[in-house]
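Asks:
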Amino acid sequence: MNFLRKNIWTICLILAFVLISGTAMAANTGEGSQGSLMSIAKAKAFTTFNNVKSIIFIVGGFGLVLLAFGAIFGKIKWSAFASLAVGLAILAAAGAIVRYATGETQLSATGTTSTGFGDTFQKSAADTY
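See the structure below:
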């Protein structure tokens, strides 16, 4: 009972959110009861991922230059430079790996569907999703 007294406002806010989101999903008459909410969430996730990826590439590029100079002059270990380079490579391939693992097909420029990796940067713009 002590738990309920301490967390009553949190429980009420969670309950209100569930009721409001359930009403919004039920009011959708478009492509299904969950289609609109999930498609909006997917679009926002893709946009956020692409924007964050661009910022990380810029900051990571400067970091690679600084770590390279530090490693050349013996102030930083080369493993730090290699770790950042591998991390940026994994980030560059993340979108293609997710598309490959989920089996999602997308239309290519010629209008045919493709399921391969393709170029990582080719489909990294937010308007391609």
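Residue numbering for the sequence shown follows the working numbering, beginning at 3 and increasing consecutively.
Glycine included, each C-beta is placed from N, C-alpha and C at the ideal position.
Since residue 99 is in the alpha helix (DSSP H), which residue starts that stretch and which ends it?
Replies: Position 97 of the sequence shown, counted from the start, is the residue given in the question as residue 99. That run of the alpha helix (DSSP H) goes 80-104.
Asks: Under 8 Å, with one C-beta from each stretch per pair, do the segment 64-75 and the segment 93-108 reach the 3-pair mark?
Replies: In short, these stretches do not touch, since the Cβ pair count stays below three.
Asks: For residue 89, which residues of its own chain have a beta-carbon under 8 Å away from its beta-carbon, when the five flanking residues on both sides are left out?
Replies: Here residue 89 is taken as the residue at index 87 of the sequence shown, counted from 1. Closer than 8 Å at Cβ, skipping near neighbours: 62.
Asks: Would you report the Cα separation of residue 80 and residue 92, rounded to the nearest angstrom?
Replies: Taking the sequence shown and counting its residues from 1, the one referred to as residue 80 is at position 78. Taking the sequence shown and counting its residues from 1, the one referred to as residue 92 is at position 90. Their Cα atoms are separated by approximately 18 Å.
Asks: Give me the residue from 94, 99 and 66 with the minimum Cα distance to residue 52.
Replies: Locating residue 52 in the sequence shown gives position 50, counting from the first residue. Among 94, 99 and 66, the Cα nearest to that of residue 52 is on 94.
Asks: Count the other CB atoms within 10 Å of the CB of residue 101; is the residue buried (16 or more) or exposed (fewer)?
Replies: On the sequence shown, position 99 is the one that residue 101 refers to. Buried is the call here.
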